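Chains as they are written, first to last, in my numbering: chain A, 1 to 303; chain W, 304 to 526.
A virtual CB, placed ideally from N, CA and C, is assigned to each residue, including glycine.
Since this is a predicted model, take the numbers as computed values, not measurements.
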Amino acid sequence: MRRFTRFYLVREVPVFELLGEECLEKTVRTGRFYALSYKTRIDQDDVVALLPTGQLILSVVKDTYEQLGLEGRPSQYAHKRPMRYVVVIDLTDKSMAPGSKRYDRVLWALREKVPLKTDFLMACHSVVGTEAWSLPPCLSRYPWKELQASVDTQTLRDLPCPVLHGDDLRGETACEPHAFLEWLGAVGLGIGCENEATSFLSTYECPEPRTLVDQAVLCTVTGLLLPEDIHSLLEELRRYFDQPKSSSWLSLVVHGFADSPISWGMAEHGFHKGGENFYSFVLFKNQDYWLHMGTGANDGCPP
Amino acid sequence: MSKESQRIVELKLPEDQSQLLGVKSQNDEKAEAFTSAFLRRSMPGASLTKIECALVHKAVVLKYHKKAGPKKTKRPKGLSAKQRRELKVFQLKPEHLKYELFLPLHELWKQYVRDLCNGLKPESNPQVIQNKLLKADFHGAVISVDRSKCPSYVGTTGILVQELKHVFKIITKEDKLKVIPKRGSVFSVEIDGFVSHIYGSRFQMRSSERSAKKFKAKGNIDL
Chain A
1 MRRFTRFYLV REVPVFELLG EECLEKTVRT GRFYALSYKT RIDQDDVVAL
51 LPTGQLILSV VKDTYEQLGL EGRPSQYAHK RPMRYVVVID LTDKSMAPGS
101 KRYDRVLWAL REKVPLKTDF LMACHSVVGT EAWSLPPCLS RYPWKELQAS
151 VDTQTLRDLP CPVLHGDDLR GETACEPHAF LEWLGAVGLG IGCENEATSF
201 LSTYECPEPR TLVDQAVLCT VTGLLLPEDI HSLLEELRRY FDQPKSSSWL
251 SLVVHGFADS PISWGMAEHG FHKGGENFYS FVLFKNQDYW LHMGTGANDG
301 CPP
Chain W
304 MSKESQRIVE LKLPEDQSQL LGVKSQNDEK AEAFTSAFLR RSMPGASLTK
354 IECALVHKAV VLKYHKKAGP KKTKRPKGLS AKQRRELKVF QLKPEHLKYE
404 LFLPLHELWK QYVRDLCNGL KPESNPQVIQ NKLLKADFHG AVISVDRSKC
454 PSYVGTTGIL VQELKHVFKI ITKEDKLKVI PKRGSVFSVE IDGFVSHIYG
504 SRFQMRSSER SAKKFKAKGN IDL
């Protein structure tokens, strides 16, 4: 886990900087660059995201869209009058080559018409064997900080834990997958599952059948985690079962940013009462796995 | 029939002219009697009244003259819309569409606005200037689209060539004539440091009618 890619928090970056020729060379052309605007709410402010496929997504408020002058479409999650618009610019497209009319128009809109400025979380996955990626000079002139994903480990003792069987999806002999997911969330949040009569906070109960487990490890990682890193983590977890261990299953839950403009491919993501979009893997000894994919109210169905 | 008989009668006269000269008045009766007898003979079926009618001399008017009355001077009514469209009075020819040709117009407009606002000093009240501009004519002003419901209009700048009821016709620096609808856009006009924003949706009237219109603050200014 120490091998997670370092990410950068850069403050007050004007968005047109990302379109500079030199910047494009070091970031978008690598094909592994991720950038997301930091602390901008998806339902209130303008959110900017840059994908590794080279697409720049601006999810902007109505006023900003009318002043910006770039064509986009109204957000799917709008009522009678759209209050939110999504502008997608493909930076790898031929028409966006530096010097073309479209490129000039986009640059003019982002530089002179409405100078959008946000804090960014940026990371670029480096290929194994080459040196780690660092901020290009066009971005490092703004105040930046290099951060590492923070890892927090907890050991839980005497935890009531449901019994699971890998191929049992309907919960006939063992715990049902949906109930298990709920229990997992409860454990993650530290909610007590005793369901005592005197407790008014929660009536969550550990699903039947259950056993009592001596020790369990709960590990939380926070930061801008890249898919490649999560993939390698998953591989490691699979290898954990190569040697005989006492536990019969382990689970990995990955949460997406609540304020990201997209989720699951290019589907639009909104924030209704919660901006959850996550998936969780439950791995069993025999290399079986359960995959739960969860989304919030203003979201498309996961693939 | 009557024509023929008349011709016969006329033909006869020159032959007997010398004989008839002296005794004309008598011959009138005789001639009449002779004519009627002859007619009766030649037109056996016709009645006496018909013969009489045939002999009546009617005057045939060959020309008709009307008295010329006092001449009324006509007021020029002006051309109707159809005639205007045919004459293409409001269409600009392509050779006239050069940005440089409209720059003198822009200078004229600047002068006009300066006179209208009594010279644009930095301390003049923007409210007063705005009120005056509402009734002013904008032909020749440099207008740019600030915000618009349709993002492709945003940013177009140029000299206003024509103001119609619902659109602005603008010529850009690249000598292109752009037609921009007023609805759903906010235009910005700049004069001597004063920038004025015009909400196009509320401005939809002919410039001639706008000078007489009172603007009320109704509804919201959301695009």
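Would you grab the beta carbon distance between residue i and residue j for me? Rounded to a whole angstrom, and I think it's under 8 Å.
i, j, result
"W:S510", "W:E466", "5 Å"
"A:D43", "A:T64", "Actually they are not in contact, since the Cβ atoms of A:D43 and A:T64 sit about 14 Å apart, beyond 8 Å."
"A:L147", "A:R32", "Not really, about 18 Å apart at Cβ, beyond 8 Å."
"A:L139", "A:V10", "6 Å"
"A:L224", "A:A123", "5 Å"
"W:V492", "W:A444", "5 Å"
"A:K113", "W:V457", "7 Å"
"A:V163", "A:R210", "7 Å"
"W:I494", "W:V416", "5 Å"
Would residue i pass as an interface residue toward chain A - the criterion being a Cβ-Cβ separation below 7 Å?
i, result
"W:R505", "no"
"W:L404", "no"
"W:L526", "yes"
Closer than 8 Å by beta-carbon distance: list the chain W residues that pair up with residue i, in chain order.
i, result
"A:K113", "V457 and G458"
Answer yes or no: do residue i and residue j have a C-beta to C-beta separation smaller than 7 Å?
i, j, result
"A:S37", "A:F120", "yes"
"A:A109", "A:L70", "yes"
"A:V254", "A:Y289", "no"
"A:S263", "A:D299", "yes"
"W:H409", "W:I446", "no"
"W:K401", "W:D478", "yes"
"A:T130", "A:C219", "no"
"W:P484", "W:H500", "no"
"A:Y8", "A:W144", "yes"
"A:K285", "A:S246", "no"
"A:G296", "A:G275", "yes"
"W:K452", "W:G487", "yes"
"W:I473", "W:Y502", "no"
"A:P98", "A:Y85", "no"
Please report whether the beta-carbon of residue i lies at a distance below 7 Å from any beta-carbon of chain W.
i, result
"A:F16", "no"
Query raised in the report: Taking Cβ-Cβ distances below 7 Å as the criterion, which residues of the region 66 to 90 of chain A are in contact with chain W?
Result: E66, Q67, L68, G69, L70 and E71
Requested in this report: Check each residue of the region 444 to 475 of chain W: if its Cβ is closer than 9 Å to any Cβ of chain A, include it; give the result in chain order.
Outcome: V448, D449, R450, S451, K452, C453, P454, S455, Y456, V457 and G458
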